[in-house]
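Trainee:
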Amino acid sequence: MKPAAFAYAKARSLDDAIRLLGEHKEAKLLAGGQSLIATLNMRLSSPSLLVDINGLAGLAGVRVSDGMVEIGAMTRHVALERSSDIAKHAPLIALAMPHIAHPAIRNRGTIGGSLAYADPAAELPACLVALDGEIDIVGPGGKRSVKAADFFKGLFETALGANDVLTAVRVPAATAQTRVGFSELARRQGDYAMVGLAAAAKATGKELADPRLVYFGVSATPVRARNAEAALASGSLDAAVKALDLDPGDDIQATAKVKKHLAGVLLRRIAAQLLGDT
Ligand SMILES: Cc1cc2nc3c(=O)[nH]c(=O)nc-3n(C[C@H](O)[C@H](O)[C@H](O)COP(=O)(O)OP(=O)(O)OC[C@H]3O[C@@H](n4cnc5c(N)ncnc54)[C@H](O)[C@@H]3O)c2cc1C
């Protein structure tokens, strides 16, 4: 199938992009195009205008300062995968990258596009919630920052308004106490996950504090397993698996029963990563 006809405009600046979005009711931003173009081709979406933000200076790149890692929205997946700053200061994101699609898609796809699209089985939204990250948004009313936990509102639904641009994300830089873990189960390497788990915690020796266990592929948004977090913090992995408070539905990937079982399998793998046993 071919997409419905649409107009194209290359934004000259961030303000220009916001103006174009405001002037055209059915306009959409074009980042890497790896999700958008597929939905256009399948006629799941038929915007009247694509506003291309690929040429905007300052929207891409990784900066580390004042204990934070800032990643521009137009930073491609491949750049994150190859960044020594990400490997050192945001190792959870580094662990997740090879699981996102395939190299050709990672060459074009962007972190901003992934977060704005908010697929419930995507890796980066869960990582951002696990890291307690923040998302910067610029729109007609100016700039605001939203906690990752408040950004994902529902199925493919975020805190972004129709005329907003996601400009950057920020996560705390890893310290010597930071422990992270990432694992997912997918039918084939590069497929969206049946179930995945992104986790972060603070550790002193064998003790884990403040674990954040964020599942994806089990709900409309990334979801924290808070009862399991509490059990893990008190030192019992078996109790944490038992306490897993997830309520997945059946989907095309797997039944709810299978997903629940896989969530426990992932928790055991992740606990080993967090405790440095792998
Ligand atoms: C075969 C295939 C397999 C894939 N597998 C995975 C996978 O396993 N895991 C995964 O996470 N992803 C997967 N993807 C998606 C891929 O990661 C995309 O790159 C990503 O979801 C969207 O990023 P993009 O830059 O291509 O955004 P685009 O496709 O350009 O845009 C996606 C949506 O976000 C909006 N948008 C983009 N940038 C911004 C911004 N800065 N501010 C506001 N709105 C914005 C667009 O208007 C559009 O609605 C897969 C894609 C394909 C085709």
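Position in the sequence shown counted from 1, then plus 2, gives you the working numbering.
Yeah, the Cβ is synthetic: ideal placement off N, Cα and C, and Gly gets one too.
This one's a predicted model, so the numbers in the text were calculated from it and none came from an experiment.
With which residues is methionine 99 paired in a DSSP beta bridge?
Mentor: BP columns for methionine 99 are empty, so no partner.
Trainee: Starting from tyrosine 217, trace the alpha helix (DSSP H) in both directions and tell me its first and last residue.
Mentor: Here tyrosine 217 belongs to no alpha helix (DSSP H); instead the beta strand (DSSP E) covers 209-218.
Trainee: How about isoleucine 102: is its Cβ closer than 7 Å to a heavy atom in ligand 1?
Mentor: yes
Trainee: Span of the beta strand (DSSP E) holding lysine 259?
Mentor: Premise fails: lysine 259 lies in the alpha helix (DSSP H), 258-276, not in any beta strand (DSSP E).
Trainee: Is the stretch 247-254 touching the stretch 175-192 in the sense that three or more CB pairs, one from each, lie closer than 8 Å?
Mentor: no
Trainee: Helix, strand or coil, according to DSSP, for tyrosine 10 in the structure here?
Mentor: strand
Trainee: Any chance you could list the beta strand (DSSP E) runs of at least 3 consecutive residues sitting entirely within the stretch 151-178, in chain order?
Mentor: 154-156 and 167-174
Trainee: Taking C-alpha atoms, which residue in Pro100, Gly198, Gly163 and Gly207 lies nearest to leucine 268?
Mentor: Gly198
Trainee: Identify which residue in Glu72, Pro105, Leu133 and Pro142 has its Cα closest to the Cα of glycine 114.
Mentor: Glu72
Trainee: Distance check for alanine 265 and phenylalanine 158, CA to CA, integer angstroms please.
Mentor: 22 Å
Trainee: Please state whether DSSP places leucine 15 in a helix, a strand or coil.
Mentor: The question names leucine, yet the displayed sequence has serine at residue 15. Coil, per DSSP.
Trainee: Would you report the Cα separation of alanine 241 and glutamate 83, rounded to the nearest angstrom?
Mentor: 35 Å
Trainee: Pick helix, strand or coil for leucine 117, following the three-state DSSP scheme.
Mentor: DSSP places leucine 117 in helix when its eight states are reduced to three.
Trainee: State the Cα-Cα distance for the pair proline 174 and threonine 160, rounded to the nearest angstrom.
Mentor: 22 Å
Trainee: Leaving aside the five residues before and after lysine 149 along the sequence, list all residues of the same chain whose C-beta is less than 7 Å from its C-beta, in chain order.
Mentor: Glu136
Trainee: Which runs of the alpha helix (DSSP H) fall wholly inside the stretch 18-65 and span at least 4 residues, in chain order?
Mentor: 38-43
Trainee: Taking all protein chains shown into account, decide if threonine 206 is buried (16 or more other Cβ within 10 angstroms of its Cβ) or exposed.
Mentor: By the 10 Å Cβ count, threonine 206 comes out exposed.
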